[in-house]
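First residue of the sequence shown: 0, per our numbering; consecutive thereafter. Ideal Cβ positions, reconstructed from N, Cα and C, are used throughout, including at glycine.
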Amino acid sequence: MEIKSRREEFERQGYIFCKDFFSKDEIDNLWENIKLSDIEENTFRWDQNRLQFHTHFLNRNHKIRDLIAQSKVVDLLSQIVGANIWVRFDQAISKDPGASMMPWHQDNGYTRLKHTYYQVWIPLTKMTLENGGLLVQSDNYSANQKILPHKYVDGFFVCEKPPNKSLFIEAKPGDIAIFSSLLLHCTTPNTSNESRWSYVVECLPLNCFDPLVEPPYFVMARDGKPYSKFVRFFPQRLNPINVLKYGWFKLKNVWYCWLRPVVRHILKIQS
Numbered sequence: 000m001e002i003k004s005r006r007e008e009f010e011r012q013g014y015i016f017c018k019d020f021f022s023k024d025e026i027d028n029l030w031e032n033i034k035l036s037d038i039e040e041n042t043f044r045w046d047q048n049r050l051q052f053h054t055h056f057l058n059r060n061h062k063i064r065d066l067i068a069q070s071k072v073v074d075l076l077s078q079i080v081g082a083n084i085w086v087r088f089d090q091a092i093s094k095d096p097g098a099s100m101m102p103w104h105q106d107n108g109y110t111r112l113k114h115t116y117y118q119v120w121i122p123l124t125k126m127t128l129e130n131g132g133l134l135v136q137s138d139n140y141s142a143n144q145k146i147l148p149h150k151y152v153d154g155f156f157v158c159e160k161p162p163n164k165s166l167f168i169e170a171k172p173g174d175i176a177i178f179s180s181l182l183l184h185c186t187t188p189n190t191s192n193e194s195r196w197s198y199v200v201e202c203l204p205l206n207c208f209d210p211l212v213e214p215p216y217f218v219m220a221r222d223g224k225p226y227s228k229f230v231r232f233f234p235q236r237l238n239p240i241n242v243l244k245y246g247w248f249k250l251k252n253v254w255y256c257w258l259r260p261v262v263r264h265i266l267k268i269q270s
């Protein structure tokens with residue numbers, strides 16, 4: 000599948016949206032394998048259980064890995080993220096009837112990461128204004144967007160400077176959106192009678208580190224080609240500069256994310 004370059008569009012608005020990117024069979028298979036992966040095993044619930052985050056499917060299901068790391072996905076992502084890509088997190092999100100608005104935020108407001116990462120957003124059901132669909136900032140975005148102040152309100156991190164203008168992403172199964180973690184976005188209340196579902200994969204270039212993520216790491220692309228393998232190490236994990244960058248972590252995180260891997264790596268070389 001030939002992918003038209005979307006890099007300039009992404010840098011201008013902080014996201015791209017592609018209609019009919021996946022076939023019906025691909026979405027049906029994704030949905031089925033999410034359901035087969037013990038969907039309740041890793042679940043976080045907010046908003047009186049009406050907003051649910053079901054996580055870590057890539058670790059448990061090779062068919063989902065194959066779909067996410069296939070050539071057309073890598074071709075599209077490589078234009079935006081770069082040629083070498085790993086996945087920090089994946090989750091299926093359900094928003095049930097009666098769920099409230101998820102307020103305006105940047106994803107960095109939750110993770111506290113100091114660099115941009117990238118959301119691959121795949122609707123599993125139709126997304127509407129009534130059922131909790133996605134709104135994104137449509138003004139004042141730039142490629143040099145900064146992390147904005149957030150405050151904690153009723154279980155959510157809320158940006159203190161919401162956008163003046165927004166755009167609703169009207170989407171259906173088969174579509175895909177990719178947006179920057181620094182792009183302001185929110186989801187509307189679900190005032191409908193049906194749950195809405197999406198599947199989200201969060202990606203980073205291999206030259207970026209995330210101290211929140213434990214090994215093994217799923218590398219979806221190398222040199223712009225599908226890779227789809229788990230690794231224990233990559234160079235930025237062993238870089239001491241990252242310890243300084245994320246000095247706000249507790250000492251045990253520093254040990255786990257840097258010192259312990261270095262010690263193990265040295266012992267492996269000597270053995």
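Host beta strand (DSSP E) of Thr42 (start-end): Thr42 to Trp45
Through-space distance from Phe52 to Gln90, alpha-carbon basis: 6 Å
Helix, strand or coil at Phe178 [DSSP, three-state]: strand
Between the CA atoms of Ser4 and Lys145 - distance to the nearest angstrom: 25 Å
Neighbourhood of Ala142 by C-beta, 6 Å cutoff - its chain only, sequence neighbours within 5 removed: Glu10
Close beta carbons around Glu193, own chain, < 8 Å, minus the five adjacent residues each side: Pro96, Thr124 and Asn130
Closest by C-alpha distance to Asp19, when choosing among Ala176, Asp37 and Pro225: Ala176
Sub-9 Å separation of Glu201 and Gln105 beta-carbons: no
Under the three-state DSSP convention, the category Leu29 falls into: helix
Spatial neighbours of Lys160 in its chain, beta-carbon cut-off 6 Å, leaving aside the 5 residues before and after: Leu147
Pro215 versus Asn32 - alpha carbon distance: 21 Å
Cutoff 6 Å; reference His55; Cβ partners in own chain excluding five residues on either side: Asn41
Run of the beta strand (DSSP E) containing Tyr216, from where it starts to where it stops: Tyr216 to Arg221
Collapsed DSSP secondary structure at Arg111 in the structure displayed: coil
Unbroken stretches of the alpha helix (DSSP H), 4 residues or longer, contained in the segment 76 to 111: 107 to 110
First and last residue of the uninterrupted beta strand (DSSP E) at Glu201: Arg195 to Pro204
Assigned exposure category for Lys251 - 16 Cβ within 10 Å defines buried: With a pLDDT of 49 at Lys251, under the threshold of 50, the modelled position of this residue cannot be trusted; read the value that follows with caution. With fewer than 16 Cβ atoms within 10 Å of its Cβ, Lys251 is classed as exposed.
Cα-Cα separation between Ser165 and Gln136, rounded to whole angstroms: 5 Å
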